[in-house]
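*Asks:* Dropping the structure in here first, questions after.
2 protein chains.
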Amino acid sequence: MTRRTGRRPGNPGTREAILDAARAAFAERGFDAASIRAIAAAAGVDPALVHHYFGNKDQLFLTAMNFPVDPGQLVPRVLAGDRDGVGERMVRIFLGVWDSPAGSAGVALLRSAVSNEWTARLLREFITTQVLRRVLEQLDVAPAELPLRGSLVATQMIGLAMMRHVIRLEPVASADPEALAAAIGPTIQRYLTGPLPT
Amino acid sequence: MTRRTGRRPGNPGTREAILDAARAAFAERGFDAASIRAIAAAAGVDPALVHHYFGNKDQLFLTAMNFPVDPGQLVPRVLAGDRDGVGERMVRIFLGVWDSPAGSAGVALLRSAVSNEWTARLLREFITTQVLRRVLEQLDVAPAELPLRGSLVATQMIGLAMMRHVIRLEPVASADPEALAAAIGPTIQRYLTGPLPT
Chain D
14 MTRRTGRRPG
24 NPGTREAILD
34 AARAAFAERG
44 FDAASIRAIA
54 AAAGVDPALV
64 HHYFGNKDQL
74 FLTAMNFPVD
84 PGQLVPRVLA
94 GDRDGVGERM
104 VRIFLGVWDS
114 PAGSAGVALL
124 RSAVSNEWTA
134 RLLREFITTQ
144 VLRRVLEQLD
154 VAPAELPLRG
164 SLVATQMIGL
174 AMMRHVIRLE
184 PVASADPEAL
194 AAAIGPTIQR
204 YLTGPLPT
Chain Y
14 MTRRTGRRPG
24 NPGTREAILD
34 AARAAFAERG
44 FDAASIRAIA
54 AAAGVDPALV
64 HHYFGNKDQL
74 FLTAMNFPVD
84 PGQLVPRVLA
94 GDRDGVGERM
104 VRIFLGVWDS
114 PAGSAGVALL
124 RSAVSNEWTA
134 RLLREFITTQ
144 VLRRVLEQLD
154 VAPAELPLRG
164 SLVATQMIGL
174 AMMRHVIRLE
184 PVASADPEAL
194 AAAIGPTIQR
204 YLTGPLPT
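As you go down the protein sequences, you meet chains D and Y in turn.
Okay, so the first sequence: first residue is 14 according to this note's numbering, each after it adds one.
Okay, so the second sequence: first residue is 14 according to this note's numbering, each after it adds one.
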């Protein structure tokens, strides 16, 4: 047996080095400004290797965050249907992820984000670029209102995840997902498409 | 100098022993079932000493949680005014506490609650008995609906605190409190007094 020391394709150390560089870049510069090229340079590898291992930038981001679900796959389901139902569908699909085995990754991410500023930054980038922007850009609302609408949605969604899965306050902790979608859906709908205070 | 070893009035160890026993009792049995008498017994002191140090059970609970604000003082302000404005007033007063120096204790409590099951239990008891029950009992809603209404309010409030003060997602993180009260108040109002899905 020979012991590998250098970085080369297939070396697990290379993969981790890329993910470390990606986390640093996404946290420091934000998702949009971080480039695969710069992440590859920081990890000391060719950009093609980053693509080979992780696919595109969205996929690299999700892997770097240990996030087991790709919101890009879920957003079309949120948007499929009438505009007035998008709030309720968003809550239903959100709960579907959190109530699944993937939810434990979400709890771990929340736990880390409350005590670690870097994870908090990554979580902000994740919420904004992977979820909210994708939904809001399809809803025909004024572009200037997107940030406020998005962050209002985030307050309700993160609070739902906190109370159901972390603090576990009853009856929300064990309520039927459909009942929660019916109760909380109108809140999300108003934040997304309703009138905003001026 | 003589070294004190026993527990006696004025010994700082006594005060801490009472607070430790109180945290254990509130977390294990819940606020309502925990008695000053049992807490005193667990700490090896007379119940009168607990009252002498900490006042009533509410005050002991707030001290045990290191919570710098007594919701009992704030609830009358939430309820003062028309019933349709209670949601907006609740958000405004909640933000007033979180935006004040007391907010750092709230952030510390949230951080602890996401990683520590005991603190999560104490936080659940705090939210339920010190805040939600006091507001909801004055609002003339069906008693059977109180738990769901209260826990829905908690999802939105805790999410607001998380996004504004812990994750710090903009623009919610630095938005004017009045704008947030106007945007989020109707959500709280609906959870408190609006129709619930059946």
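We treat Cβ as the ideally placed atom computed from N, Cα and C, and that holds for glycine.
Leaving out five residues on either side along the sequence, give the residues of the same chain with a beta carbon under 8 Å from the beta carbon of V99/Y.
*Replies:* Mapped onto the second sequence, residue 99/Y falls at position 86. So the qualifying residues of the chain are V91, L92, V148, L152, I201, Q202, L205 and T206.
*Asks:* In terms of residue numbering, what span does the alpha helix (DSSP H) encompassing A115/D cover?
*Replies:* Numbered from 1 along the first sequence, position 102 holds the residue referred to as residue 115/D. Premise fails: A115/D is in no alpha helix (DSSP H) and is neither H nor E.
*Asks:* Would you say V166/D and V120/D are within 7 Å of each other, going by their C-beta atoms?
*Replies:* Within the first sequence, residue 166/D is the residue found at index 153, counting from 1. Within the first sequence, residue 120/D is the residue found at index 107, counting from 1. Not a contact, by the Cβ cut-off of 7 Å.
*Asks:* Considering only residues of the stretch 152 to 201 of chain Y, which uninterrupted alpha helix (DSSP H) runs meet the minimum length of 4 residues and lie entirely inside it, listed in chain order?
*Replies:* Segments of the alpha helix (DSSP H) lying fully in the stretch 152 to 201 of chain Y: 159 to 174.
*Asks:* Strictly below 9 Å CB to CB, what residues from chain Y border G172/D?
*Replies:* Translated into the one-based positions of the first sequence, residue 172/D becomes position 159. Residues of chain Y passing the Cβ test: A167, T168, Q169, M170, I171, G172, L173, A174, M175 and M176.
*Asks:* Would you mind telling me which residues of chain Y sit closer than 7 Å to E183/D, beta carbon to beta carbon, in chain order?
*Replies:* If you number the first sequence from 1, residue 183/D lands on position 170. What E183/D touches in chain Y: P160 and S164.
*Asks:* Short check: CB of R177/Y to CB of L182/D, under 7 Å?
*Replies:* Stepping through the second sequence from its first residue, residue 177/Y is reached at position 164. Stepping through the first sequence from its first residue, residue 182/D is reached at position 169. No, the Cβ-Cβ distance between R177/Y and L182/D is not below 7 Å.
*Asks:* Find the residues of chain D that neighbour L108/Y, judging by a C-beta separation of less than 8 Å, and give them in chain order.
*Replies:* The residue given as residue 108/Y occupies position 95 in the second sequence. Residues of chain D passing the Cβ test: none, with the nearest at roughly 12 Å.
*Asks:* Along chain Y, in chain order, which residues have C-beta atoms closer than 7 Å to that of P84/D?
*Replies:* Position 71 of the first sequence holds residue 84/D. Here the premise fails: no neighbours, minimum Cβ distance about 16 Å.
*Asks:* Using a C-beta cutoff of 7 Å, does R146/D count as contacting chain Y?
*Replies:* One-based indexing of the first sequence puts residue 146/D at position 133. No, because no Cβ of chain Y sits closer than 7 Å to the Cβ of R146/D.
*Asks:* State whether the stretch 97 to 113 of chain Y contacts the stretch 61 to 71 of chain Y, with contact taken as three or more CB pairs (one from each stretch) at a distance under 8 Å.
*Replies:* With the cut-off at 8 Å, the stretch 97 to 113 of chain Y and the stretch 61 to 71 of chain Y do not touch.
*Asks:* Please state whether the Cβ-Cβ distance between P184/D and P160/Y is less than 7 Å.
*Replies:* Position 171 of the first sequence holds residue 184/D. Position 147 of the second sequence holds residue 160/Y. Yes, the pair counts as a contact, with Cβ atoms nearer than the cut-off.
*Asks:* CB I52/Y to CB A40/Y, shorter than 7 Å?
*Replies:* For the purposes of this step, residue 52/Y is taken as the residue at position 39 of the second sequence. For the purposes of this step, residue 40/Y is taken as the residue at position 27 of the second sequence. Against a cut-off of 7 Å, the Cβ pair of A40/Y and I52/Y comes out as no contact.
*Asks:* Looking at C-alpha atoms only, which residue of P60/Y, A115/Y and R50/Y is the closest neighbour of M78/Y?
*Replies:* Here residue 78/Y refers to the residue found at position 65 when the second sequence is read from its first residue. Per the Cα distances, A115/Y.
*Asks:* At a Cβ cut of 8 Å, what residues of the stretch 194 to 206 of chain D count as close to chain Y, listed as they run along the chain?
*Replies:* Hits within the stretch, in order: A195, A196, I197, P199, T200, R203 and Y204.
*Asks:* Alpha helix (DSSP H) containing T27/D: first to last residue?
*Replies:* One-based indexing of the first sequence puts residue 27/D at position 14. Run containing T27/D: P25 to R42, per the alpha helix (DSSP H) assignment.
*Asks:* Go through its chain and collect everything with a Cβ distance to R146/D's Cβ below 8 Å, but skip five positions before and after it.
*Replies:* What you label residue 146/D is simply residue 133 of the first sequence in a count that begins at 1. Once the five neighbours on either side are set aside, the close Cβ partners of R146/D are L159 and G163.
*Asks:* Tell me, please, whether the CB atom of P210/D is closer than 7 Å to any CB atom in chain Y?
*Replies:* On the first sequence, position 197 is the one that residue 210/D refers to. Answer yes: the Cβ-Cβ gap between P210/D and chain Y drops below 7 Å somewhere.
*Asks:* For I5/D and V88/Y, I'd like the C-alpha separation in whole angstroms.
*Replies:* Past the boundaries of the shown model lies residue 5/D; chain D is included only from 14 to 211, so the question cannot be answered.
*Asks:* Expressed to the nearest angstrom, what Euclidean distance is found between the alpha-carbon atoms of A34/Y and S48/Y?
*Replies:* On the second sequence, position 21 is the one that residue 34/Y refers to. On the second sequence, position 35 is the one that residue 48/Y refers to. Computed Cα separation, rounded: 11 Å.
*Asks:* Which word fits Q86/D, buried or exposed, when buried means at least 16 other C-beta atoms lie within 10 angstroms of its C-beta?
*Replies:* Locating residue 86/D in the first sequence gives position 73, counting from the first residue. The residue is exposed, with fewer than 16 neighbouring Cβ atoms inside 10 Å.
*Asks:* In chain order, what residues of the same chain have a beta carbon less than 8 Å from the beta carbon of Q169/D, not counting five sequence neighbours either side?
*Replies:* For the purposes of this step, residue 169/D is taken as residue 156 along the first sequence, with counting starting at 1. Only I197, T200, I201 and Y204 meet the Cβ criterion.
*Asks:* Tell me the DSSP secondary structure of D59/Y in three-state form.
*Replies:* Taking the second sequence and counting its residues from 1, one reaches residue 59/Y at position 46. It is coil, neither helix nor strand.
*Asks:* Using the three-state DSSP reduction, which class does L135/D fall into: helix, strand or coil?
*Replies:* In the first sequence, counting from the first residue as 1, residue 135/D sits at position 122. It is helical.
*Asks:* Hey, how far is the Cα of T27/D from the Cα of P84/D?
*Replies:* Against the first sequence, residue 27/D aligns to sequence position 14. Against the first sequence, residue 84/D aligns to sequence position 71. Each residue's Cα considered, the two are about 26 Å apart.
*Asks:* Using CA atoms only, rank isn't needed, just tell me which of T142/D, V82/D and E150/D is closest to S117/D.
*Replies:* Along the first sequence, one-based indexing puts residue 117/D at 104. Residue V82/D is the option with its Cα nearest to S117/D.
*Asks:* Classify F74/Y as helix, strand or coil using the three-state DSSP reduction.
*Replies:* For the purposes of this step, residue 74/Y is taken as the residue at position 61 of the second sequence. Looking at F74/Y - three-state DSSP - the assignment turns out to be helix.
*Asks:* For Q143/Y, which option in K70/Y, A54/Y and D59/Y has the closest C-alpha, if you only look at C-alpha atoms?
*Replies:* If you number the second sequence from 1, residue 143/Y lands on position 130. The residue with the shortest Cα to Cα distance from Q143/Y is K70/Y.
*Asks:* Whole-angstrom Cβ separation of R124/Y and S187/D, contact assumed at under 8 Å?
*Replies:* Residue 124/Y sits at position 111 when you count from the first residue of the second sequence. Residue 187/D sits at position 174 when you count from the first residue of the first sequence. Actually they do not touch by this definition, with Cβ atoms about 25 Å apart.
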